[in-house]
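See structure below.
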Amino acid sequence: MQLNSEERAMLDGDYGRATRKAMQILATLGDIYGAGRMAPVTSVQIAGVSYDNLGEAGLQFLTEMAEGGGRALVLTTLNPAGMDIENWQALGIDPDFAENQQRVIQAFERMGVITTCSCTPYLSGNLPHFREHIAWAESSAVCYANSVIGARTNREGGPSALAAALTGRTPEYGYHLDKNRVPGITIEVNADVSESFHFGALGKVIGEKLETEGRKLVPYILGIENASLEGLKSLCASIATYGGAALFHMDGITPEAAQMFPPDKILTISQADLDAAARSLNDAAADEVDFVSLGCPHLSIVEIARIAELLQGKKVTKEFWITTARPTKHIADMMGYTKIIEESGAKFATDTCCVVAPIKGRFKVLATDSAKACYYAYSKNDFKTVFKPFDQVVSEAVNPGGE
Ligand code: F3S
């Protein structure tokens with residue numbers, strides 16, 4: 488691939504060891520994927536932050552990059568870590584794990600990365616604009632950035648996202664190119680899709696249908712009249728989880744849809760499809776639930792306000808995690824929502840989530856409104872799941888086995 492003089496100098500080591508390593512990673516990726524050149528990026532989001540996923544080898548790589556003079560050249564934020572950075576004891580995190588997780592965060596800090604650990608960076612100031620080239624890693628955020636914002640990113644791995652941060656570049660292939668953003672299949676939705684729970688189930692249905700197609704087709708979705716930010720982030724999480732989708736267009740909702748035509752190849756999704764998807768994520772009875780979690784993807788302030796409203800004057804009877812970004816938690820503090828929620832006995836699990844925290848073996852059945860959280864609860868932690876609408880999940884934490 489073609490490198491300009493500055494990129495060539497990075498590769499030659501003129502900007503230090505870490506930058507050379509970063510450019511080597513990007514140039515290799517560019518060659519593998521047939522990129523013609525590098526695209527300048529303005530925003531990076533790095534995944535693989537939990538020590539549970541990174542392990543000692545991952546931490547060693549980060550430490551070497553920090554010691555090699557690595558410094559983020561563009562706005563860079565992190566995906567959730569394995570614990571609440573400030574309040575990990577309350578979540579029952581092992582002190583050794585906490586120490587290692589802090590070492591990970593410190594390595595990123597040394598490189599000038601902003602350590603808001605969140606999968607919804609667009610809610611905390613890392614918000615690119617339409618058509619901007621970025622390098623994000625978290626699958627739900629990648630899908631949100633490409634689809635809802637109309638920015639351009641491939642799904643980066645942890646090392647390639649860090650490399651993009653340290654060089655301000657990414658190889659120009661995949662979703663950075665117009666030709667790869669054109670829809671290949673129309674999805675006609677004939678079902679009630681209003682709450683984020685429904686959007687999660689819809690993402691599962693579409694994702695699984697795309698998987699059976701066997702090709703990575705960009706879906707063009709018809710039939711959704713309204714979609715809230717919360718609904719869209721839920722859809723992005725589940726369509727990425729169940730179908731590996733990093734981009735969709737939604738008629739009347741997402742910015743590129745108006746420039747595209749719905750393809751002739753049509754798949755129809757019915758209410759029965761959605762109901763079956765929701766049923767498939769329930770493999771336990773409500774009275775077996777011993778862990779409740781909301782915030783996959785991380786909660787917006789609107790969702791936290793709703794939880795506070797529902798928990799006002801009540802006590803929870805199960806471990807209940809409210810997962811969100813620290814800046815959103817600060818707004819909840821200001822608004823008095825945190826006080827109401829914590830007085831109920833529910834816990835903020837800020838900076839982390841029920842998937843990346845090391846909680847395997849601690850619980851048996853998770854109740855959540857997130858189709859993505861159900862997938863990983865089962866595949867990563869061996870939990871059974873109860874999948875319900877948002878308000879009913881809160882009820883589950885308050886009333887054992889009932890609504
Ligand atoms: Fe975010 Fe964790 Fe879900 S990273 S999308 S809350 S699995």
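For any residue, its number in our numbering is found by taking its place in the sequence shown, counting from 1, and adding 487.
Where a beta carbon is used, it is the ideal one built from N, C-alpha and C, also for glycine.
Out of curiosity, what's the CA-to-CA distance linking residue i and residue j?
i	j	result
alanine 714	serine 681	7 Å
arginine 668	tyrosine 631	14 Å
alanine 763	alanine 534	32 Å
valine 536	tyrosine 865	21 Å
threonine 805	valine 843	Residue identity differs from the one stated: residue 805 is lysine in this sequence, not threonine. Computed Cα separation, rounded: 20 Å.
phenylalanine 748	histidine 736	10 Å
arginine 597	valine 692	42 Å
alanine 688	alanine 505	42 Å
glutamine 489	methionine 821	50 Å
asparagine 633	valine 779	30 Å
isoleucine 740	alanine 628	17 Å
serine 767	valine 873	10 Å
isoleucine 621	valine 528	5 Å
tyrosine 729	valine 705	14 Å
glutamate 829	phenylalanine 835	8 Å
DSSP three-state call for residue i: helix, strand or coil?
i	result
threonine 677	Residue 677 is actually asparagine in this sequence, not threonine. Here asparagine 677 sits in strand by DSSP.
phenylalanine 874	strand
leucine 614	coil
glutamate 494	helix
phenylalanine 548	helix
lysine 834	strand
glutamine 511	helix
alanine 764	helix
alanine 622	strand
serine 537	coil
serine 721	helix
methionine 570	coil
leucine 578	helix
isoleucine 756	strand
threonine 563	strand
proline 742	coil
glutamate 890	Any reading at glutamate 890 is ruled out, since the residue's pLDDT is 46, under 50, leaving its predicted position unreliable.
So residue i is in the alpha helix (DSSP H); what residue range does that whole segment cover?
i	result
valine 789	788 to 798
proline 527	Here proline 527 belongs to no alpha helix (DSSP H); instead the beta strand (DSSP E) covers 525 to 527.
valine 591	582 to 597
leucine 697	683 to 700
cysteine 861	858 to 866
From which residue to which residue does the beta strand (DSSP E) around residue i run?
i	result
glutamate 806	806 to 811
phenylalanine 778	778 to 781
threonine 657	656 to 658
alanine 854	852 to 855
threonine 602	601 to 604
Among residues of its own chain, excluding the 5 on either side of residue i, which ones have a beta-carbon nearer than 6 Å to its beta-carbon?
i	result
threonine 825	Ala819
leucine 549	Ala594
Counting only the same chain and skipping the five closest in sequence on each side, list residues whose C-beta sits under 7 Å from that of residue i.
i	result
tyrosine 662	Asn633, Arg639, Thr640, Asn641, Arg668, Ala733 and Leu734
alanine 833	Leu798, Val803, Phe807, Ile809 and Ala884
Leaving out the 5 sequence neighbours to the left and right, which residues in its chain are closer than 8 Å to residue i when beta-carbon positions are compared?
i	result
leucine 498	Leu490, Arg507, Met510, Gln511 and Ala514
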